[in-house]
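**Q** If you scroll down you'll find the structure; I have some questions about it.
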Amino acid sequence: MPLDKLQQWLPKLVLAPTMVITLVCIYGYMGWTALISFTNSSFLPSFKWAGLKQYAKLMDNDRWLVSSTNLLIFGVLFIAICLVLGIFLAILLDQQIRTEGAIRTIFLYPMAISFIVTGTAWKWILNPGLGLEKLMRDWGWSSFEFDWLVNSEMSIYTLVIAAVWQSSGFVMALFLAGLRGIDPAIIKAAQIDGASKPTIYRRIILPCLRPVFFSSIIVLSHTAIKSFDLVTALTAGGPGYSSDLPALFMYSHAFTRGQMGLGAASAMMMLAGVLAILVPYLYSELRGKHHE
Amino acid sequence: MANLQINQVRKTYGKAELETLKGIDISIDDGEFLILVGPSGCGKSTLMNMIAGLEEVSAGQILIDNQDVTHVAPKDRDIAMVFQSYALYPNMTVRQNIQFGLEIRKMPQQEIDAEVERVANLLQIDHLLDRKPSQLSGGQQQRVAMGRALSRRPKIYLFDEPLSNLDAKLRVEMRTEVKKLHQRLGTTIVYVTHDQIEAMTLADRIAVMKDGELLQLGTPKEVYETPANTFVAGFIGSPAMNFISCQVKKDDSGLYTELTNLDGKATRLPAPAYLNRYLGEQVILGLRPEQITHYIPHKAEDQMIAKGHYDVLVTEPTGPDVIVQVMANKQEISCRVDPEYTPTVGESVELMFDCNKAVYFDPHSEQRIQPENSPSQASAA
Amino acid sequence: MANLQINQVRKTYGKAELETLKGIDISIDDGEFLILVGPSGCGKSTLMNMIAGLEEVSAGQILIDNQDVTHVAPKDRDIAMVFQSYALYPNMTVRQNIQFGLEIRKMPQQEIDAEVERVANLLQIDHLLDRKPSQLSGGQQQRVAMGRALSRRPKIYLFDEPLSNLDAKLRVEMRTEVKKLHQRLGTTIVYVTHDQIEAMTLADRIAVMKDGELLQLGTPKEVYETPANTFVAGFIGSPAMNFISCQVKKDDSGLYTELTNLDGKATRLPAPAYLNRYLGEQVILGLRPEQITHYIPHKAEDQMIAKGHYDVLVTEPTGPDVIVQVMANKQEISCRVDPEYTPTVGESVELMFDCNKAVYFDPHSEQRIQPENSPSQASAA
Amino acid sequence: MNNTAIENSNISKKPLQPGRWLIYATLLLFALIYLMPLVVMLLTSFKTSADIRGGNLMSLPTEWVFDGWSKAWGSACTGVNCEGIKGYFCNSIQMVVPAVLISTMIGAFNGYVLAKWKFRGSDLFFSLMLFGCFIPFQVILLPMAQSLGYLGLANTTAGLVTVHVIYGIAFTTMFFRNYYVSIPDELVKAAKLDGAGFFTIFFRILLPISKPIFMVCVIWQFTAIWNDFLFGVVYSAGDTQPMTVALNNLVNTSTGVKEYNVDMAAAIMAALPTLVVYVLAGKYFVRGLTAGVVKG
Amino acid sequence: ENKGEVEVLHWWTSGGEAKSAAVLKVMLEQQGYGWKDFAVAGGGGESAMTVLKTRAVSGNPPAAAQIKGHDIQEWADLGFLTTLDDTASSENWEKVLPKVVTNVMKYEGNYVAVPVNVHRVNWLWANPAVFEKAGAKVPTTWDEFIAAAEKIKAAGYIPLAHGGQAWQDATVFEAVALETMGTELYLKAFKQHDPDALGSPEMVKTFEKFRQLKQYIDKDSPGRDWNIATNMVIEGKAAMQIMGDWAKGEFAAAGKTPGVDYICAPAPGTAGMFTFNIDSFAFFKLNDANDAAAQKTLAKTILSPKFQEVFNLNKGSIPVRLDQDMSPFDQCALDSMATFKSANKSGDLVPSWSHGLATTSQIQGAIYDVVTNYFNDDKVTADATVDKLVRAVKAAM
Ligand SMILES: Nc1ncnc2c1ncn2[C@@H]1O[C@H](COP(=O)(O)OP(=O)(O)OP(=O)(O)O)[C@@H](O)[C@H]1O
Ligand SMILES: Nc1ncnc2c1ncn2[C@@H]1O[C@H](COP(=O)(O)OP(=O)(O)OP(=O)(O)O)[C@@H](O)[C@H]1O
Ligand SMILES: [Mg+2]
Ligand SMILES: [Mg+2]
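Chains as they are written, first to last, in the working numbering: chain A, 929 to 1220; chain B, 3 to 383; chain C, 3 to 383; chain D, 11 to 306; chain E, 2 to 398.
This is how it looks when you write it as structure tokens:
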């Protein structure tokens, strides 16, 4: 019966638009970018074939090297710290805190404010002459040193700080949710088995939160790779380009410096990186789930 | 090895309006096997959790080895428990699940391994040791939950419906294992079950609960043969006891009650002397199906036994026996007959009523009518 | 009202490596009540889902009323099903849950209301109609799930362990309701259960499955009295059938097997003639506990009955009966005796072996040894 | 909200243990750290320009003035017209509301299909989609602009909404899919037997129980879209620019004079809607996450 | 009304700039044309350029866009721009505008853009009070600058206020370069990109001097916005800042008067030289005739003396028209204008590469990277950097 056929096709039909969109607007455009990266498009896209020239340029452009190593440092630290902090706060908040609602909101609000401006605030706070350092010294701790923002060695870490500030709240929420989702009976059982609270968290609860780790890591790495507002607002890549990140590199070359080909090439490299690191993880996780 | 006292324990859950447990009083001797039965939602699991220290006690106290542990942390009570909802650690393999408690208690590894092996064999899950709980069927999970408890040697075992998800065969085997375990270790055990046979065969004493109250606490025999009231009588035993309301009459050969079949012919059921005070009044006669059987010659002369013909409404062969439904005093009554005598529906069969174990209830209080100056059975207030 | 044919149906789940169903062949007559039993994980629910059209059929076909529905959408098969995991719509009240199916099928509202009332009364949930599933106990939820199915008049009912979560009492009541329902509507029913009694009392025919294969399909009597093999024999009936391996011997009065108790005294168990071909060989004798009883005078003269003294190892009073474990041929054997004869452990009791219904199995194939030229019982390949 | 056993175990019951105090102290400390930037912004917004030039940003204003706020709201320049940012609120609303709703709805449908109507390759597609989240948006600016041009949606609110929807569904789909996966299949099966079709099942059975995850999606999308600058500036028309663009114009002057008090006031105002959403819906947020995202 | 409308993309979004733009809008509307404002601030027009590109690609560019220096050529080269020759001739721009300026505005001899103003980049802003306290005098040459800086430093003030952002580094570097290399070499290096010039010893010298400055800058400078730096001068924390004449806006906003509270002098050793930075509007091809008309009117209006006056008064820059009446302008502006004219004759009028007047954005960016990296990394030597510069510029060409 035709109506049946329809029922059979409905799911695919419903998913079809998204599929098309995904294919065109994500993979299509990726392809487009890939194409551009093989041309010597400068000011605007053009299709004069240039082979691997752009990639070659990219490879001996030491700003690119700096920014890609930065992304590595930034990404790893950012994700790690966010997870640790998020879990830590979540666990604390899970102890039947009276003012939970308020505190939770405080940890979450950074997500709500765009970096266009919090960037400025952070710039001040981290700036030795204006922010923390000055404050501490005004309060009499004269030996207090905190000049990462203006120190080419350390500037990248200030990005980590600000980024963690913005995202850890969300991770906290995720894990809080995870903790709430765990079957109380399991914990009871562990108590009966004589496990102490820390042991229960270490041996039972956290391992149970694997899916949460998965979601968090997806969201976080997604944030890390796309960090753009953050950099522009906080350090604009400086001092020098010591805190440059690929997203910024790509943007400024593709748009403000009229080196679209180079920009595209850098974008492709970024994607390649993501592919190399994330896909195996994605795969293993999604596979893993099917068994359960 | 420990005794356990539960004194006037009450529980009201945080948001709930009415009490879940309304003052439970049970004292369990060292090495005793107590079984909790009662309809779903009557508070069995709650009570178990409180014994284990997993739920706050709203009122009353709990003593283990005569020490008040009402406010002692679970891990310091040295209790092992099997949860109704298995509560296996999803992140650990079966093996890790079982040995977790032992590791915590710093047992040397080789002993742990030995122990795990032992328990795994006992429960027939040795081939599953390296699976995750999510890869197990309900029955298998339940056995792992058992294993987790059995691998320890606590003062008290708490089992909350530990066999409910096993198929009949496995169930019987596990039941025997538990029984052996108890005989070997002699550990005090509190055990919740919905299963009649389990209750009857395992328990030293059975506690029948209803709506958070303890209705009767006694040996299986007591509970089965001298139930405190109609609820207990009806709840224990399957098919359930027949309740026949009838009048107590008297003639020269003594007290009796009457069953009348559809064509009005009455069967005279001899009644015990202590029903005297109910002479002429209505009582509820409680007869279990197996006390109403096909004609068995060699019993015939017993003078507490009556005979009568009744028309068969329904027959239910259960395998070993056939449950026959007949009509008496306008009520359906089920009787248990031997398959080889299986009657056909509509046919009139001669039934034998064994009144030796008949019990009588007061129609108003629904309490069992007790022989005067007979030591009243241990039954809750 | 419909008949159902399942032809060589196979199932392999997407990622699973081995087959879950290995070619099932069942044909169910119009109005028949078929019960599926089998150990957990043997594929019962899977089969049910495939009948309902909820799982792809990997191979084979399913016919309803002789029409191939293998690829027909569930809703067009006109089937109602009760799920093992209730699957109540959490966002709807009990009432809405029950009437959902009817609304979808555009039944006029007042009919719907009437129907809901009827079902609610039937299942004793009329006081819960306006609650959400989350506010119900397991047992209540299960009854609602039943209600959802019963509110419709489908061609076929599928029940997947519909009573497993009820306490014994309620369970018996529900069982009778289901039976009545079936007698009244005469709808074809396929029913999964773990419960012996349910299986025996409800079924027109029982299908015993194991590891995705159909071991035997037959009436409860057949399955109980002439099981196809040791697995079926052991799986059906509780306590399980006793399997005693012994040798077939012969003397002038015919074939016999022997049971020897601990002090070496042998009991001679008369064996049927068709065992001739096993003369001198080992067979597995299958005797059900209720076929080994206390001494019953009026049966004594039956020449298929043997007597012997055995020492009691364990006694398990189950209420109506006492299960006694004795040692014979170095095996534990359970017997069922009347409580009033309850022996004490260690005592030697005289037991009566009723060999009328004894069955014998080939020790190698584990198949039951069938009387020559006796019409072989409908048992799966 | 189901509270873990740890909580109602005796251990943590007594509120006045030193341990408890430690917990509260730590939480408080972190709360303060997290609040710092907001405090700085607030303080600054109440200072006079002179006060700010004075320099110590952590210090309290010498005199509390609201010029910053009034100006940011009413009279600050964001281009040739100096009417503050108030006008841009409704621009943003007009864009956010449809974008959020549409992307959430689509996400719900996709999640429903991916979780309950799996077909060959649906899982693969899901993974592909997830990976899609990782392309840096700067990459797609131009091709997307071109496509919008073809569609005649270039620099219209509709176009902007479209873009936000397109790049939002990856996450909304993930949320809903994970949520629906955690709902037993029997539910759908039962509905099928009751004769319900694809949509009936969705609207009558699943949607009604999707409230928590719905919340998560809305919050997530709302935050993302409300705060988005890149798409906003590139795909909006001059007169329908969203909040963030106005804010940027206000803050990021290149060679003009900076008025930090105005900037900060504007920034806080711009963030208010999202802040409100968080304060109001924070509870549901965690609940929703519990229900959905977390059960991967 | 049926008369056309122009959509104008610009990044004048704050304070004085915005007001000036508003004036233009009003003037246009007085002539009955509509003004559709499309302001995108950020990073000296970076965001605006991004937007412009996407809009061009999507096929509806604005009527006019604030495009600077060399980008005008790029856009014209891609054929996006329309010609304004008729307006030019009717308004005879050839006469009123200096050649240097018109060159930037023309593509293959046709006007495609209109200049709005001229910024002088090589300014030195000084706070006399601080100089007094330190007993130093405002420097005119490099050596004087060093001497003064030492005094000021000794007196406990920050000699040079600076914001450590790439473009500010470049701005200062540019000033030093002009001083060290002189006009000719400057043009060779930064306009023709002659490798010899780029690699010349003077360039090395420039870098060395450039680094010398660092000791007169406080360590907190990196990332600082230029106007914070300016405020340091205003507040008397710092003595000097090298920055374009838009800095005047900050002083004005703080209510300071030129000559009294602050001094505007040419950057050390660049007296008489003039690095110009011209804001300009490029005009895109439109198909609607009415709008095209509006476009022309806009072009005309921008160069009208009235607008030139209002706008530049606000902006701190000077008018492009040589025939402009300068009476309303302040001293700094007058000086600026004077130098502009004289330099125009003497040929010391050089485009500011750091603001994109001299070269393509690629090369500009490349040089930015080299300069800012050198300035923030004390380990690299001047020579090494010069080599790097040569290579970088070559790679970017
Ligand atoms: N955490 C809780 N909060 C509120 N009420 C609860 C809670 N847990 C159980 N209850 C209520 O307490 C009563 C007893 O629950 P309990 O689980 O002890 O019953 P039970 O005897 O174990 O039933 P079953 O045999 O089905 O397990 C029930 O009515 C239940 O609704
Ligand atoms: N969706 C699935 N994917 C893979 N394997 C499955 C799936 N569902 C069931 N199985 C496997 O198929 C087998 C049969 O499952 P099924 O649920 O039919 O057993 P069952 O007989 O219903 O068991 P029970 O009596 O416990 O309900 C089991 O081994 C199970 O692991
Ligand atoms: Mg319970
Ligand atoms: Mg099943």
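Built from N, CA and C at the ideal position, the CB exists for glycine as well.
Distance, Cα to Cα, E/Glu175 vs E/Phe341?
**A** Each residue's CA atom was taken as its position, placing E/Glu175 and E/Phe341 some 17 angstroms apart.
**Q** Do you know whose CA, among C/Ile199, C/Phe355, C/Thr195, C/Val316, lies nearest C/Met211's CA?
**A** C/Thr195
**Q** Along the segment 203-221 of chain D, where does the CB come closer than 7 angstroms to a CB of chain A? Name the residues.
**A** Within the segment 203-221 of chain D, those residues whose Cβ lies closer than 7 angstroms to any Cβ of chain A are, in chain order, Gly207, Phe208.
**Q** Check distances from the C-beta atoms of the segment 216-233 of chain E to those of chain G and list, in chain order, the residues that come in under 8 angstroms.
**A** You won't find chain G in this structure, because its protein chains are A, B, C, D and E.
**Q** Starting from B/Ala330, trace the alpha helix (DSSP H) both ways and give me its first and last residue.
**A** Not the alpha helix (DSSP H): B/Ala330 falls in the beta strand (DSSP E), residues 324-330.
**Q** Would you mind sorting D/Pro28 into buried or exposed? The rule is 16 or more other CB atoms within 10 Å of its CB.
**A** With fewer than 16 other Cβ atoms within 10 Å, it is exposed.
**Q** Hey, would you say the C-beta of C/Ser47 is under 7 angstroms away from at least one heavy atom of ligand 4?
**A** yes
**Q** So, at 8 angstroms on beta carbons, what are the nonlocal neighbours of B/Thr22 in its own chain, with the 5 sequence-adjacent residues on each side left out?
**A** Lys13, Thr14, Tyr15, Gly45, Thr48, Gly214
**Q** Which residue comes first and which comes last in the beta strand (DSSP E) that contains C/Phe363?
**A** 361-363
**Q** Determine the chain D residues that contact E/Asn345 at a beta-carbon separation under 9 angstroms, and present them in chain order.
**A** Correct list: empty, because the minimum Cβ distance to chain D is about 23 angstroms.
**Q** What does the Cβ neighbour count give for A/Val1004, buried or exposed, with the cut at 16 atoms within 10 Å?
**A** exposed
**Q** Using the rule of at least 16 other Cβ atoms within 10 Å of the residue's Cβ for burial, across every protein chain shown, is C/Gln111 buried or exposed?
**A** Flag for C/Gln111 reads exposed.
**Q** Under 6 angstroms Cβ to Cβ from E/Gly317, same chain only, skipping five residues before and after it: list those, please.
**A** Asp246, Trp247, Lys249, Gly250
**Q** From C/Ala235 to C/Asp304, what distance separates their C-alpha atoms?
**A** 25 angstroms
**Q** Quick test of your reading: C/Gln369 and C/Ala230, contact by CB under 8 angstroms. State the CB separation rounded to the nearest angstrom.
**A** 7 angstroms
**Q** Starting from C/Phe245, follow the beta strand (DSSP E) in both directions and report where the run begins and ends.
**A** 244-249
**Q** Starting from E/Asn374, find everything on chain A with Cβ-Cβ shorter than 7 angstroms and list it in chain order.
**A** Gly1168, Tyr1169
**Q** Is there contact here, the segment 1144-1152 of chain A with the segment 1006-1016 of chain A, by at least three beta-carbon pairs under 8 angstroms?
**A** yes
**Q** With a threshold of 7 angstroms, establish whether the CB of B/Gln137 neighbours any heavy atom of ligand 4.
**A** no
**Q** Helix, strand or coil for D/Ile21? Go by DSSP, reduced to three states.
**A** Note on D/Ile21: pLDDT 39, under 50, position unreliable in the model; the coordinate value appears next. Looking at D/Ile21 - three-state DSSP - the assignment turns out to be helix.
**Q** Please determine whether the Cβ atom of C/Asp162 lies at a distance below 7 angstroms from any heavy atom of ligand 4.
**A** yes
**Q** Under the three-state reduction of DSSP, which class applies to E/Cys265: helix, strand or coil?
**A** strand
**Q** Since I believe C/Lys157 is in contact with C/Ile81 (beta carbons under 8 angstroms), could you give me their beta-carbon distance rounded to a whole number of angstroms?
**A** 7 angstroms
**Q** Can you check the segment 66-91 of chain D for any alpha helix (DSSP H) of at least 4 residues that lies completely inside it and give the ranges in chain order?
**A** 77-80
**Q** Consult DSSP for A/Thr1027 and reduce its assignment to one of helix, strand or coil.
**A** Secondary structure at A/Thr1027: coil, using DSSP grouped into helix, strand and coil.
**Q** I want to check one thing, is the minimum distance from the CB of C/Gln86 to the heavy atoms of ligand 4 below 7 angstroms?
**A** yes
**Q** So for C/Arg79, helix, strand or coil by DSSP?
**A** coil
**Q** Straight-line CA distance for D/Ala200 to C/Asp67?
**A** 22 angstroms
**Q** Within 8 angstroms, do at least three Cβ pairs link the segment 105-116 of chain D to the segment 171-189 of chain D?
**A** Because the criterion of three Cβ pairs below 8 angstroms is met, the segment 171-189 of chain D and the segment 105-116 of chain D touch.
**Q** From E/Val58 to D/Phe239, what does the alpha carbon distance come to, in whole angstroms?
**A** Rounded to whole angstroms, E/Val58 to D/Phe239 spans 19 angstroms at the Cα level.
**Q** Verify the CB distance criterion: does E/Val209 have a CB-CB separation below 8 angstroms to chain A?
**A** Note that residue 209 of chain E is Glu in the sequence shown here, rather than Val. It does not: the Cβ of E/Glu209 has no partner Cβ on chain A nearer than 8 angstroms.
**Q** Excluding sequence positions up to five away, which residues of its chain have a Cβ less than 7 angstroms from the Cβ of E/Pro99?
**A** Leu323, Asn345
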